[in-house]
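Numbering (the UniProt record's numbering), first residue to last: 1 to 185.
I have placed the structure first, in the form of structure tokens, so that the comments after it can refer back to it.
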């Protein structure tokens, strides 16, 4: 499969995300893909990766999963390696990466250029900053909850702080109701 090249220079991941899905390059075949290996139906892949077939189709639509080969009848047939792609995407999602970031990381990994490496590095550095903040918030929440459960009464001024921090953590980790309803799992 070929990838699209562009004469204009992209300066940031944000510039890349502004493009429509139709103008994005399609992901290349997964490493190790061969026609001689076991091919899975969408249901078999979903079961092995512990997601719904809808999630598989959605990840394919977003470009997280490479477009799989199809049978003469048009059914998708996934090489076993796709289990790795789905599990990796789920792990990155759990770590706080957006689906767009997961797609970009996958495409940049296939790109193997200095620019792609720099974009990957910048994204990972920004995630480290976010994770370090979450660790601080969660550590403080842990301390407040432990203090409250050890039989000590919380001071009146600690309750609002605990509630504020819980709300901040829920918002920063995507635990609000709109994110849960769009999970595709």
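Ideal Cβ placement from N, Cα and C applies to all residues, glycine included.
### Query
Using the C-alpha atoms, what's the distance from residue 62 back to residue 93?
Spanning the alpha carbons of residue 93 and residue 62 requires a straight line of approximately 14 Å.
### Task
Starting from the C-beta of residue 101, find all residues in its chain whose C-beta is less than 7 Å away, skip the five residues before and the five after it, and write them out in chain order.
123
### Query
Expressed to the nearest angstrom, what Euclidean distance is found between the alpha-carbon atoms of residue 148 and residue 131?
Residue 148 and residue 131: Cα-Cα distance of roughly 25 Å.
### For residue 106 and residue 112, the rounded distance between their alpha carbons
Rounded to whole angstroms, residue 112 to residue 106 spans 11 Å at the Cα level.
### Message
Tell me which residues share the same chain as residue 77 and place their Cβ nearer than 8 Å to its Cβ, disregarding the 5 neighbours each side in the sequence.
### Response
39, 40, 41, 68, 69, 70, 71
### Query
According to the Cβ coordinates, are residue 65 and residue 85 closer than 8 Å?
yes
### Task
With a cut-off of 8 Å on the beta carbons, I'd call residue 168 and residue 137 a contact; round off their distance for me.
6 Å
### Anticipated Cβ contact below 8 Å, residue 49 with residue 87, distance rounded
6 Å
### Message
Quick check on the DSSP output: what are the complete alpha helix (DSSP H) runs of length 4 or more inside the region 50–130, in order along the chain?
### Response
53–62, 82–94, 99–111
### Query
Between residue 166 and the rest of its own chain, which residues show a CB-CB distance below 7 Å, the 5 nearest in sequence each way excluded?
141
### Query
So is residue 119 buried or exposed if we call it buried at 16+ other beta carbons inside 10 Å?
buried
### Beta bridge counterpart(s) of residue 39 as assigned by DSSP
In the DSSP output, where bridge partners are listed per residue, residue 39 has 79.
### Message
Please return the same chain residues whose Cβ sits closer than 7 Å to the Cβ of residue 53, not counting the five positions on each side in sequence.
### Response
42, 43, 46
### Query
Quick one: Cα of residue 133 to Cα of residue 83, how far?
32 Å
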